[in-house]
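Undergrad: Below is one structure. I have some questions about it.
Protein chains in written order, with our numbering: chain A, 1 to 103; chain Y, 1001 to 1366.
Structure, rendered in structure tokens:
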């Protein structure tokens, strides 16, 4: 779907996406790296569960929310890939509630 | 342009009355200033709230309860007509207490409210265990809460949109960029003049211009001493549903975002967010729900309530120019149902509902 205009001069690193290892160029965003691998479902919406991909690629639309290294609702277009990073789609809205047990 | 009733102001009060008058089959024109207005109706928190309203005014307390009781049918009516769901829910609402002093003060206040309502206002004070039975996420600092089954909440922007859409769908006319500069009595009513627009003539007028009411009410001989009172709100990213019940300062919207609010600042017409107030709001919310520390704040805003000195709404008809009505207040979401279904038909018939007689503007001169 996308062609890397930098050709083969890129330094490549490895990230994990949904259990797979992906070889991606260093120095680009998570969203760009995934689109480069033809991955277009970055999250599902909280209301209808519809699939979404990055749209604006500049931090505005919040359609590329992902779980990055265990942290929910990260904007994949605003985070740079790092070797060994783990990335997963954000499925709906994250759970935040941790119930305190009365002592 | 000529109409039976002209309404100045398309905010929560004006839109509910405009919708209600069209619903009543009246010929109406809504005259709105446009987006230069302060727009309190775009900054609402979205409570349909009964507990704590009208502790010093049985009339206001009863008017509020009446609207809260009408809300479910009203929301269904708007959804059927417009396809826009105002997301009304009435599971009851809570005010969490973090100290014994807060708890006792709250209890005394709500007992007063119940006393002068002849039992029509219902509430209970919950201890820490009972509060956690309702809301398991309460933090250790919550030592109790007040609960009223009569409270609820709604999506304020959905409501405002539904009121305007319903009004248009029923054939209501609107001028969306006219600032009314003068109100002149005529042989058969009133003429509203706005720079750049043809005058609007109407048999009756309703002045519902929020902060603009102070100046406009004076043109029909009513002193409406309305002053700005700022409120700030923050909203988190969407998170999984964890909070069915609205609290007075925390509520989770139907979409999943968590609204945090509850500030009151007397700072004139300044309507920007400020760090100290946002920090205080966030701190209290985090003491109530410690896990909210995991949620990002994605937006913040401030809005200015049009507030009378006693915090109550103002409803009046001019004694010198009958047919000119003034309506003002801050709880436009809560009161939308009673404004549309009770007040609008009464005004169409030439009078205010007797329920609100004590809320006249003359009370500031007694």
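For glycine and all other residues, C-beta sits at the position ideal for the given N, C-alpha and C.
#1: Any residues in the stretch 1235-1247 of chain Y with a beta carbon nearer than 9 Å to a beta carbon of chain D? Which ones, in chain order?
#2: With residue 1012 (chain Y) as the anchor, note down where its alpha helix (DSSP H) starts and where it stops.
#3: Ordered along the chain, which non-local residues of its own chain (more than five positions away) have a Cβ less than 7 Å from that of residue 1123 (chain Y)?
#4: Can you tell me the Cα-Cα spacing of residue 1020 (chain Y) and residue 1359 (chain Y), whole angstroms?
#5: How about residue 28 (chain A) and residue 83 (chain A): do their beta carbons lie closer than 8 Å?
#6: Skipping 5 residues on each side, what residues in its chain have a beta carbon closer than 6 Å to that of residue 1075 (chain Y)?
#7: Can you give me, in chain order, the residues of the stretch 1294-1314 of chain Y that have a beta carbon less than 9 Å from any beta carbon in chain A?
#8: Within 10 angstroms of the Cβ of residue 1129 (chain Y), are there 16 or more other Cβ atoms? Answer buried if so, exposed if not.
#9: For residue 1277 (chain Y), which residues from the same chain have a beta carbon less than 8 Å from its beta carbon, with the 5 sequence-adjacent residues on both sides left out?
#10: Is the CB-CB distance between residue 95 (chain A) and residue 1240 (chain Y) below 8 Å?
#11: Are there 16 or more other CB atoms within 10 angstroms of the CB of residue 1251 (chain Y), so buried, or fewer, so exposed?
#12: Run down chain A in chain order and give the residues with a C-beta less than 9 Å from the C-beta of residue 1077 (chain Y).
#13: Please report the residue range of the beta strand (DSSP E) in which residue 1238 (chain Y) lies.
#14: Indicate the three-state DSSP secondary structure (helix, strand or coil) for residue 1169 (chain Y) in the structure shown.
#15: Under DSSP, the beta strand (DSSP E) around residue 1315 (chain Y) begins and ends at which residues?
#16: Are the C-beta atoms of residue 53 (chain A) and some chain Y residue less than 8 Å apart?
#17: Could one say the Cβ of residue 102 (chain A) lies closer than 8 Å to chain Y's Cβ atoms, at least one of them?
#18: Under 7 Å, CB to CB, which of the residues in the stretch 35-65 of chain A have a partner in chain Y?
#19: With a Cβ-Cβ cutoff of 8 Å, do residue 1220 (chain Y) and residue 1348 (chain Y) count as a contact?
#20: Would you please state the rounded distance, in angstroms, between the beta carbons of residue 54 (chain A) and residue 31 (chain A)? I believe it to be under 8 Å.
#21: Quick check on residue 11 (chain A): buried or exposed, where buried means 16 or more other Cβ atoms within 10 Å of its Cβ?
#22: Which of the three DSSP states, helix, strand or coil, is assigned to residue 1258 (chain Y)?
#23: Which same chain residues end up closer than 6 Å to residue 1191 (chain Y) when comparing Cβ atoms and leaving out the 5 residues on each side of it in sequence?
#24: Interface residues of chain Y around residue 93 (chain A) at Cβ under 7 Å?
#25: Counting only beta-carbon atoms, is residue 1137 (chain Y) nearer than 8 Å to chain A?
#26: Suppose the cutoff is 6 Å on Cβ atoms and the five residues either side in sequence are ignored; what does the same chain contact list for residue 1060 (chain Y) look like?
#27: Closest Cβ-Cβ distance between residue 79 (chain A) and chain Y: below 8 Å?
#28: Is residue 1273 (chain Y) buried or exposed, if buried means 16 or more other CB atoms sit within 10 Å of its CB?
#29: At what residue ranges does the stretch 1091-1122 of chain Y contain a whole run of the alpha helix (DSSP H), taking only runs of 4 or more?
#30: Within this structure, are the beta carbons of residue 1269 (chain Y) and residue 1228 (chain Y) separated by less than 8 Å?
#31: To which residues of the same chain is residue 22 (chain A) closer than 6 Å at the C-beta, ignoring the five residues directly before and after it?
#32: Are the beta-carbon atoms belonging to residue 1256 (chain Y) and residue 50 (chain A) less than 8 Å from one another?
#33: When burial is assigned at 16 or more other CB atoms within 10 Å of the CB, is residue 1164 (chain Y) buried or exposed?
#34: In three-state DSSP terms, what is residue 1289 (chain Y)?
TA: By the coordinates alone:
#1: The chain labelled as chain D is not found among the protein chains of the depicted structure, namely A and Y.
#2: According to the DSSP assignment, residue 1012 (chain Y) belongs to the alpha helix (DSSP H) that extends over 1012-1023.
#3: Cβ neighbours of residue 1123 (chain Y) beyond the five flanking positions: 1051, 1110, 1114, 1146, 1147, 1148.
#4: 21 Å
#5: no
#6: 1086, 1088
#7: 1294, 1295, 1296, 1298
#8: Burial call: exposed.
#9: 1232, 1263, 1265
#10: yes
#11: Counting of Cβ neighbours within 10 angstroms places residue 1251 (chain Y) among the buried residues, the total reaching 16 or more.
#12: Going along chain A, no residue has its Cβ under 9 Å from residue 1077 (chain Y), so there is no contact; the nearest lies around 24 Å.
#13: Premise fails: residue 1238 (chain Y) is in no beta strand (DSSP E) and is neither H nor E.
#14: helix
#15: 1314-1317
#16: no
#17: Note that residue 102 (chain A) scores a pLDDT of 42, beneath 50, so its modelled location is shaky; the value from the coordinates is reported in the next line. Output row for residue 102 (chain A): interface = yes.
#18: 46, 47
#19: no
#20: 4 Å
#21: exposed
#22: strand
#23: Correct list, in chain order: 1184, 1199, 1201.
#24: Neighbours of residue 93 (chain A) across chain Y, judged by C-beta separation under 7 Å: 1238, 1239, 1240, 1256.
#25: yes
#26: 1054, 1312
#27: Not one chain Y Cβ lies under 8 Å of residue 79 (chain A).
#28: exposed
#29: 1100-1116
#30: yes
#31: 15, 37
#32: no
#33: Looking at its Cβ environment, which holds 16 or more other Cβ atoms inside 10 Å, residue 1164 (chain Y) is buried.
#34: coil
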